[in-house]
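Visitor: In full-length UniProt numbering, the protein residues as written are 1 to 61.
I have a structure here, written as structure tokens, and I will follow up with some questions on it.
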Amino acid sequence: MSVRKRVLGRIERTMTYWGFLKHPFGREYVREHYSPTGKKKNETDESAVEIPTVGPSESDA
């Protein structure tokens with residue numbers, strides 16, 4: 001990807017974050033997915049699902 005496209009994308013995300021541009025999914029969506037400087041937030045932490053540990057229950061004894 002060219003430097004120009006990356007810079008323009010980041011400027012657009014920054015302006016959307018601060019409310020100068022409207023996003024189709026709303027401002028809250030932008031605040032969840034982008035930082036105030038326009039960088040994309042790491043989604044691995046948000047999308048990780050905690051799986052409970054399954055073991056013998058106390059009542060089966």
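Ideal Cβ positions, reconstructed from N, Cα and C, are used throughout, including at glycine.
Computed from a prediction, not measured in an experiment: that's the story for all the values here.
Cα-Cα, which of I11, S2, K5 and P56 is closest to S35?
Guide: For the residues I11, S2, K5 and P56, the minimum Cα distance to S35 belongs to I11.
Visitor: Could you pull the start and end residues of the alpha helix (DSSP H) that L8 belongs to?
Guide: V3 to Y17 is the span of the alpha helix (DSSP H), which, as asked, contains L8.
Visitor: Can you give the Cα-Cα distance for R6 and K40, rounded to whole angstroms?
Guide: The alpha-carbon atoms of R6 and K40 are separated by roughly 12 Å.
Visitor: Using CA coordinates, which residue listed in V54, N42, P56 and V30 is at the minimum distance from T14?
Guide: Checking every option, the nearest Cα to that of T14 belongs to V30.
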